[in-house]
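To keep things clear, I will list the structure first and then write my remarks on it.
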Amino acid sequence: MAGEIDQVPAIRAGELTLGIVGGGSMGGAIARGLVAAGTLPAERVLVADHGAQKRASLEACGVRCFPEERSLLAEGPDVVVLAVKPQVLPGVLESAAPSVAGRLVVSIAAGVTLSTLEAALPGARVVRVMPNLPVQVRSGASAVSAGTLATEQDVRLVSELFSALGAVSVMREDQLDVAGAVVGTAPAFFSLFVDELTRAGVRAGLPAAACRELVEATMRGCAEQLLTEGVHPREYMERVTSPGGTTAAALFELEPPLAAGTYAAVDAALARTRELAGGK
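Just so we're aligned, residue 4 is where the sequence shown starts under the numbering used here, counting upward by one.
Following this line, the structure appears as structure tokens:
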């Protein structure tokens, strides 16, 4: 990172003012999560969104809202998070550019590179973050990558903010889009598997509501054990799988198509990410 830490005044996470452009699923989740975690007081979180209902929902949490980004940027937030879709981002960048030189700007737009962001925001210290939807319940995962002007202090600050919403990993930008294609889509993959497993249970004779409840409880329990025990997923599978047993028979049928489908799905997500970024 080209910037030097001592060139930028230190900002503590709890003392900064955070401006979020976009109050949709991710922007709203970031705002609510940081307030719920106690990382920032609600009055230090500003959100700009054109949707009146989204603003009203966030204002109910004590967050200050604005109908458009210019009004938010005029408040001079210490950190600006760009939480809009890649297709909308060019217009936001043009609007924000005059106000963010010298400021820390965080983009969560999939596929939009650091070089593109820095070219559109001259002088801004840019960091990209790829979070996923479970940040809404502060159990998400976020990948972080820094631009050329961002300092180590900036990366620590961004990591501290997003760690209040779940796990954080700092990585190179060439790994970031892959993380988005894997971790960003994973909540949909897991939800699909819960639904399909529930349907399979119903097909075999279980009541739908009871089957879904049991499957969801099992998913939560597996996740907790994998996280708390640090066991490798393959080792965990072996705990469940007896030689010649029912799980072994099931895995024999499930694993080959699941592996092939997962690889193809991640490749498709990554290809679409690059399409949304204009093929860059």
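Note that CB positions come from ideal geometry on N, CA and C, so glycine has one too. All figures in this text were calculated on a predicted structure; none of them were measured in a lab.
Q.
By the three-class DSSP mapping on this structure, what secondary structure does residue 66 have?
A. The sequence position of residue 66 within the sequence shown is 63, counting from 1. Three-state result, residue 66: coil.
Q: Look at residue 70 and residue 49 and say whether their C-beta atoms are less than 7 Å apart.
A: On the sequence shown, residue 70 is found 67 positions in, with the first residue counted as 1. On the sequence shown, residue 49 is found 46 positions in, with the first residue counted as 1. No; because the gap between Cβ atoms is not below 7 Å, this pair is not in contact.
Q. Since residue 111 sits in a beta bridge, which residues does DSSP pair it with?
A. The residue labelled residue 111 in the question sits at position 108 within the sequence shown. Answer is none; residue 111 lacks a bridge partner.
Q. Below 7 Å between beta carbons: does that hold for residue 190 and residue 136?
A. As a first step, residue 190 must be located in the sequence shown, where it is residue number 187. As a first step, residue 136 must be located in the sequence shown, where it is residue number 133. In this structure, residue 136 lies closer than 7 Å to residue 190 by Cβ.
Q.
Under 8 Å: do the region 145-158 and the region 116-136 share three or more Cβ pairs, one atom per stretch?
A. yes
Q. How about residue 181 and residue 85: are their beta carbons less than 7 Å apart?
A. Indexing the sequence shown from 1 puts residue 181 at position 178. Indexing the sequence shown from 1 puts residue 85 at position 82. Taking 7 Å as the Cβ cut-off, residue 181 and residue 85 do not qualify as a contacting pair.
Q.
Measuring straight from C-alpha to C-alpha, what distance separates residue 72 and residue 118?
A. Residue mapping note: residue 72 aligns to position 69 of the sequence shown, counting from 1. Residue mapping note: residue 118 aligns to position 115 of the sequence shown, counting from 1. When rounded, the distance between both Cα atoms is 22 Å.
**Q.** Per-residue DSSP class, three states only, for residue 248
**A.** Within the sequence shown, numbered from 1, the residue matching residue 248 stands at position 245. The answer is coil: DSSP assigns residue 248 none of H, G, I, E or B.
Q) For residue 68, does the count of other Cβ atoms within 10 angstroms reach 16, so buried, or fall short, so exposed? A) What you label residue 68 is simply residue 65 of the sequence shown in a count that begins at 1. So residue 68 counts as buried.
Q) What do you reckon, are the CB atoms on residue 146 and residue 179 nearer than 7 Å? A) As a position in the sequence shown, residue 146 is number 143, starting the count at 1. As a position in the sequence shown, residue 179 is number 176, starting the count at 1. Yes, Cβ-Cβ distance for residue 146 and residue 179 is below 7 Å.
Q. According to DSSP, is residue 190 helix, strand or coil?
A. To locate residue 190, count along the sequence shown from 1; it is residue 187. Correct three-state label for residue 190: helix.
Q: Quick one: residues in its chain with C-beta nearer than 8 Å to the C-beta of residue 124, no 5 flanking neighbours on either side, listed in chain order?
A: For the purposes of this step, residue 124 is taken as the residue at position 121 of the sequence shown. Excluding residues within five positions, the ones whose Cβ falls inside 8 Å are 96, 99, 100, 103, 104 and 108.
Q | Minimum C-alpha distance to residue 116 - residue among 141, 175, 233 and 38 | A | Position 113 of the sequence shown holds residue 116. Minimum Cα distance to residue 116 is reached at 175.
(Q) Taking the beta strand (DSSP E) that residue 134 belongs to, which residues open and close that run? (A) As a working mapping, residue 134 is identified with position 131 in the sequence shown. Note, residue 134: beta strand (DSSP E), 128-134.
Q. Which word fits residue 194, buried or exposed, when buried means at least 16 other C-beta atoms lie within 10 angstroms of its C-beta?
A. Residue numbering aside, residue 194 sits at position 191 when the sequence shown is read from its first letter. It is exposed - the Cβ of residue 194 has fewer than 16 other Cβ atoms within 10 Å.
**Q.** is_contact[residue 201, chain D] using C-beta, thresh 7 Å
**A.** Looking for chain D here will not work: only one protein chain is present.
Q: Check residue 2 in the structure and name its three-state DSSP category.
A: The shown model of the chain, from 4 to 283, leaves out residue 2, and the question about it has no answer.
Q. What residue does the alpha helix (DSSP H) around residue 39 start on, and which one ends it?
A. In the sequence shown, the residue the question calls residue 39 occupies position 36. Residues 28-39.
Q | Cα-Cα separation, residue 40 to residue 120 | A | Translated into positions along the sequence shown, residue 40 becomes position 37. Translated into positions along the sequence shown, residue 120 becomes position 117. The straight-line gap from Cα to Cα measures roughly 29 Å.
Q.
Checking the sheet assignment: what are the DSSP bridge partners for residue 143?
A. Here residue 143 refers to the residue found at position 140 of the sequence shown. Residue 143 is bridged to 169.
(Q) Let me check one thing: in DSSP terms, what residues is residue 148 bridge-paired to? (A) Locating residue 148 in the sequence shown gives position 145, where the first residue counts as 1. 131.
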